[in-house]
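Participant: Have a look at the structure that comes next, please.
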Amino acid sequence: MKFTRSREAFGRAKRVIPGGVNSPVRAFRAVGGRPLFVSAGRGSRIDDLDGNRLIDYVMSWGPLILGHAAKPVLAAVRRTMSKGTTFGAPTVAEIELAERIRGAFPSMELVRLVSSGTEACMSALRAARGFTKRDAIAKFDGCYHGHADSLLVKAGSGLATFGEPDSGGVPRDVAKHTIVLPYNDADAVERALKSKKIAALIVEPVAGNMGVVLPRDGFLRRLRTVCTRTGTVLIFDEVMTGFRPCYGGVQTIEGIKPDLTTLGKIVGGGMPLAAYGGRREIMEGVSPLGPVYQAGTLSGNPLAVAAGLAQVDYLRDHPEVYARLEVLGSRLEEGLCDVAKRRRRELCVNRFGSMLTLFFQAGPVTDWKSASGGDAKAFAAFFQKMLKRGVYLPPSPYEAWFLSAAHTDRDLEATLRAAHAAL
Ligand code: PMP
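Following my numbering, the numbering of the sequence shown begins with 1207 at its first residue and continues without gaps.
Here is the structure:
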């Protein structure tokens, strides 16, 4: 497999775009080599500039649950596009999408559409701060909620102490309002929330940004209880998990009602669309009803709304998609475990339905501390070998692989054969 044209494109890109990419993980820094430039996608496959066709497990980092160029999504966008692309004024389709979201996530009594997961999480936190009139927020180590200043924060010297900036350009004065806690440690959460008045606790109810990490039994319920007791707004960031395991999210499966929820990825059908919403009394604080300001020129953009509606409605009308995704996910998990055993490699697979991570370590992986203990070099080598064999994995050890309804048994067989050879 040759990547000559991608290499040329990357050189050209670097002259005008920082690092040649519009989002850092795309630059392949964690795996070495150069990114490939995609020319098209169809179903489970992408084509690159050099004419290579690869089985895709990035799937645009989660939105494409029906696969690339899904017919119902493309048709809806085409239909809508012929009538104009954006008005900056209300349209009926926005109501329909908000109604669908509330139907699938009853905890989201009022819903605001925005354009990215970052915006959704940033806005949800502002709404929580406005509602509680508290400044401090809490997040978990290893969870990602977009790149708002308050969220690019790492733990300070001790638990439940002030956070420190985890990115250049984030003021200390902002970071100090964020407390960073260990995932899956409900006792630490309880101590932190009792010792300090916290506006909001934000969590990926199943984490996907330190690789896939599942909540321990009872962890999410404890969060609910502690937040209720301390008047802390509980935010489930379901940007990745929303509409992923079922027509709903982790909250549907666990039967837990967060105060606010953020959605993105699948709900936008592969277009820039995200949403936040939740308890009426909190969301009524958002402008124009209340004092919490939040706005967007392209919020509720007609094309994005059309794509989101088409994808979400397809999922509502085809529940068999989720059964199929579960079958694919479990086959891939079992297959990878089997390959690891045959190759005598100590690997750990964490899976939540159709999202999965292969950790290069024995495991168990339950939090950022354990997730970050893997063999990054071995992952990089594995990634490159898989790429040469036509399998495009997320170019970082701390990401979820995404399956779509378009992946086939043959894709999985080819992937497992490649994995056997690569290991
Ligand atoms: N929250 C979660 C759980 C995410 O996975 C992501 C993106 N990977 C975000 C928020 C941020 O979304 P976006 O990249 O659309 O800003």
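C-beta atoms are modelled at their ideal positions from N, C-alpha and C, and glycine is treated no differently.
Return yes when the Cβ of E1302 is within less than 8 Å of the Cβ of L1515, no when it is not.
Facilitator: Yes.
Participant: Determine the burial state of F1234: buried for a count of at least 16 other Cβ atoms within 10 Å of its Cβ, exposed for fewer.
Facilitator: Buried.
Participant: Where does F1293 land, buried or exposed, given buried means 16+ other C-beta within 10 angstroms?
Facilitator: Exposed.
Participant: Use the C-beta contact count for S1229: other C-beta atoms within 10 angstroms, 16 or more gives buried, fewer gives exposed.
Facilitator: Classification of S1229: exposed, given that the 10 Å Cβ count is below 16.
Participant: Suppose only complete runs of 3+ residues qualify. What are the beta strand (DSSP E) ranges in the stretch 1441-1483, listed by chain order?
Facilitator: Runs found: 1466-1469.
Participant: List the endpoints of the continuous beta strand (DSSP E) containing L1629.
Facilitator: No beta strand (DSSP E) holds L1629; DSSP gives it neither H nor E.
Participant: Out of T1458, I1441, R1522, H1626, which has the shortest C-alpha to C-alpha gap to R1485?
Facilitator: Nearest option by C-alpha distance: I1441.
Participant: Please classify T1434: does DSSP put it in a helix, a strand, or coil?
Facilitator: T1434: helix per DSSP, three-state reduction.
Participant: Can you tell me which residues form a DSSP beta bridge with F1558?
Facilitator: F1558 is bridged to M1561.
Participant: Should S1505 be counted as a contact of ligand 1 given a C-beta to heavy atom distance under 7 Å?
Facilitator: No, ligand 1 has no heavy atom inside 7 Å of this Cβ.
Participant: Any idea which residues DSSP pairs A1413 with across the strands?
Facilitator: According to DSSP, A1413 bridges with V1419.
Participant: If the criterion is Cβ atoms closer than 8 Å, does the pair G1249 and A1612 meet it?
Facilitator: Yes. Within cutoff.
Participant: Can you tell me the Cα-Cα spacing of N1507 and G1352, whole angstroms?
Facilitator: Going from the Cα of N1507 to the Cα of G1352 covers about 20 Å.
Participant: List the whole-angstrom C-beta distance separating V1432 from L1399, where the pair is believed to meet the contact cut-off of C-beta under 8 Å.
Facilitator: The Cβ separation is near 5 Å, so the contact holds.
Participant: Counting Cβ pairs closer than 8 Å, one from the stretch 1542-1561 and one from the stretch 1450-1464, do we hit at least three?
Facilitator: Touching, yes.
Participant: Is there contact between the stretch 1343-1363 and the stretch 1566-1578, where contact requires at least three CB pairs shorter than 8 Å?
Facilitator: Cβ pair count under 8 Å is three or more, so yes.
Participant: Below 8 Å, can you find three or more Cβ-Cβ pairs linking the stretch 1479-1494 to the stretch 1274-1291?
Facilitator: Counting Cβ pairs under 8 Å, fewer than three are found: no touch.
Participant: Would you mind working out which of V1498, G1474, V1511, E1214 sits nearest T1338, comparing C-alpha positions?
Facilitator: The shortest Cα separation from T1338 among V1498, G1474, V1511, E1214 belongs to V1498.
Participant: What I want to know is whether the C-beta of W1574 ends up closer than 7 Å to one or more non-hydrogen atoms of ligand 1.
Facilitator: No.
Participant: Please list, in chain order, all residues of the same chain as S1610 whose beta carbon is under 7 Å from its beta carbon, the five residues on each side excluded.
Facilitator: For S1610, where only same-chain residues beyond five positions count, the Cβ hits under 7 Å are S1250, M1265, L1270, I1271, L1272, G1273.
Participant: Please determine, among L1531, S1493, A1480, the residue with the shortest C-alpha to C-alpha distance to A1510.
Facilitator: Of L1531, S1493, A1480, the residue nearest in Cα terms is A1480.
Participant: Starting from T1286, trace the alpha helix (DSSP H) both ways and give me its first and last residue.
Facilitator: Where T1286 is concerned, the enclosing alpha helix (DSSP H) stretches over 1277-1287.
Participant: Can you determine whether any heavy atom of ligand 1 sits closer than 7 Å to the C-beta of W1607, and answer yes or no?
Facilitator: Result no, Cβ not under 7 Å from ligand 1.
Participant: Are the stretch 1390-1405 and the stretch 1418-1438 in contact at 8 Å, needing three or more beta carbon pairs?
Facilitator: With the cut-off at 8 Å, the stretch 1390-1405 and the stretch 1418-1438 touch.
Participant: Would the stretch 1613-1622 and the stretch 1537-1554 be scored as touching if the rule is three or more Cβ pairs under 8 Å?
Facilitator: Flag = yes, the stretch 1613-1622 and the stretch 1537-1554 touch.
Participant: Beta-carbon within less than 8 Å of R1240's beta-carbon, same chain only, minus the 5 sequence neighbours each way: which residues are those?
Facilitator: Counting only Cβ-Cβ distances below 8 Å, and skipping sequence neighbours, we find F1209, S1212, R1213, F1216, F1234.
Participant: Taking only runs that begin and end inside the stretch 1555-1609, name each unbroken beta strand (DSSP E) of 3 or more residues, in chain order.
Facilitator: Within the stretch 1555-1609, the complete beta strand (DSSP E) runs of at least 3 residues are 1561-1565.
Participant: For A1512, which of D1523, G1290, A1354 has the nearest alpha-carbon?
Facilitator: Nearest option by C-alpha distance: G1290.
Participant: Should P1421 be labelled buried (16 or more other beta-carbon atoms within 10 Å of its own) or exposed?
Facilitator: Buried: at least 16 other Cβ atoms inside 10 Å.
Participant: Within the same chain, show all residues whose beta-carbon is closer than 8 Å to that of R1537, passing over the 5 residues directly before and after it, in chain order.
Facilitator: Same-chain partners within the cutoff: D1615, L1618.
Participant: Taking 6 Å as the limit between beta carbons, can you name the residues of its chain near T1572, skipping five residues before and five after?
Facilitator: Excluding positions up to five away in sequence, the list reads N1390.
Participant: Would you identify the three-state DSSP class for L1270, choosing helix, strand or coil?
Facilitator: L1270: coil per DSSP, three-state reduction.
Participant: Specify, as a first and last residue, the run of the alpha helix (DSSP H) that A1392 falls within.
Facilitator: Where A1392 is concerned, the enclosing alpha helix (DSSP H) stretches over 1392-1401.
Participant: Check whether the Cβ of T1324 sits closer than 7 Å to any heavy atom of ligand 1, and report yes or no.
Facilitator: Yes, since a heavy atom of ligand 1 falls inside the 7 Å radius drawn around the Cβ of T1324.
Participant: Ligand 1 and D1443: does any heavy atom of the ligand fall closer than 7 Å to the residue's C-beta?
Facilitator: Within the cutoff, so yes.
Participant: Apply the 10 Å Cβ neighbour rule to I1408 and answer buried if 16 or more other Cβ atoms are within range, or exposed otherwise.
Facilitator: Buried: at least 16 other Cβ atoms inside 10 Å.
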